[in-house]
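K.L.:
The structure follows.
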Amino acid sequence: MNSNLTSHTQNAAECISFSFLFYYSKFSLLLCSECHIALFSDTFSSHVKSHYKQHAEKEKQRELLSQISSLSLFTAAETFALIQQSSMTVFAFSELDVHKNAFSCNLCHQVLMNKENMKKHCSKNHASNFKHTVTSSILAQSLLKNSFFFQVQARSLSTVSNIASVRIVPK
Ligand SMILES: [Zn+2]
Ligand SMILES: [Zn+2]
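If you're matching positions, the sequence shown starts at 2 in the numbering used here and goes up one per residue.
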């Protein structure tokens, strides 16, 4: 794993900005840099409106909505599938929070935030392989507040120093 680490493919190269919104076309991912959240086909419109409460700003709101209405956007689940299927290295999106010490299952690459949940995941899904299941402490970001976590690579090497491999042993 991590064979793509030296890849020069940066998500940033694919980023288009619309005011405070940033669109990563490779993943059809629209991020709000002010709220540090991802927006989806079913949520972007109400979210943009929430940024323009003053009547005087309605024109700006209309303009931004018309700009992003031409983008291809999906639901959180569909966008998550796009990220999972991508073979390219995903570098941390600067608009989203980075969760340190997330765990990735080395057998199925599921990312979870907590070691106990990872233990449950391993015993439930990989019971026969359990002894060979090694999970690593990784960096992750998520599409929704508590779900759709995915592994990311640090943008700078200085944030990588405290990442270690952790072996989860059955009780
Ligand atoms: Zn916002
Ligand atoms: Zn797994």
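Think of the CB as a built atom: it goes at the ideal place given N, C-alpha and C, for glycine as much as any other residue.
Would you tell me roughly how many angstroms separate the C-alpha atoms of MET2 and MET119, rounded to the nearest one?
P.N.:
In this prediction, MET2 has a pLDDT of 41, which is less than 50 and means its spatial position is unreliable; nothing more can be read from the coordinates.
K.L.:
Rounded C-beta distance between LEU31 and LEU74? I'm assuming under 8 Å.
P.N.:
With 8 Å as the limit, LEU31 and LEU74 qualify as a contact, their Cβ atoms being about 6 Å apart.
K.L.:
Count the other CB atoms, across all protein chains shown, that sit within 10 Å of the CB of GLN152; report buried if there are 16 or more and exposed otherwise.
P.N.:
Per the 10 Å Cβ criterion, buried.
K.L.:
Output needed for VAL161: all residues of its chain with C-beta closer than 7 Å, excluding positions within five of it in sequence on either side, in chain order.
P.N.:
Confidence at VAL161 is low in this model, with a pLDDT of 42, below 50, so its placement is unreliable and the value that follows should be read with caution. Taken in chain order, the residues that qualify are ALA155.
K.L.:
Which value, in whole angstroms, describes the spacing of the CA atoms of GLU15 and LYS27?
P.N.:
So the alpha carbons of these two residues sit roughly 7 Å apart.
K.L.:
Taking 8 Å as the cut-off, is the CB of SER51 close to at least one heavy atom of ligand 1?
P.N.:
SER51 Cβ: within cutoff of ligand 1.
K.L.:
Should the segment 107-115 be regarded as contacting the segment 43-59, the criterion being three or more beta carbon pairs within less than 8 Å?
P.N.:
No: fewer than three Cβ pairs fall under 8 Å.
K.L.:
Around the C-beta of SER47, are 16 or more other C-beta atoms found within 10 angstroms, so that it is buried, or is it exposed?
P.N.:
Flag for SER47 reads exposed.
K.L.:
Which residue marks the beginning of the beta strand (DSSP E) containing ASN102, and which one marks its end?
P.N.:
100-106 is the extent of the beta strand (DSSP E) around ASN102.
K.L.:
Per DSSP, which residues does LEU145 bridge with? Please list them.
P.N.:
Answer is SER148, bridged to LEU145.
K.L.:
Would DSSP call VAL91 helix, strand or coil?
P.N.:
Note: VAL91 maps to coil in three-state DSSP.
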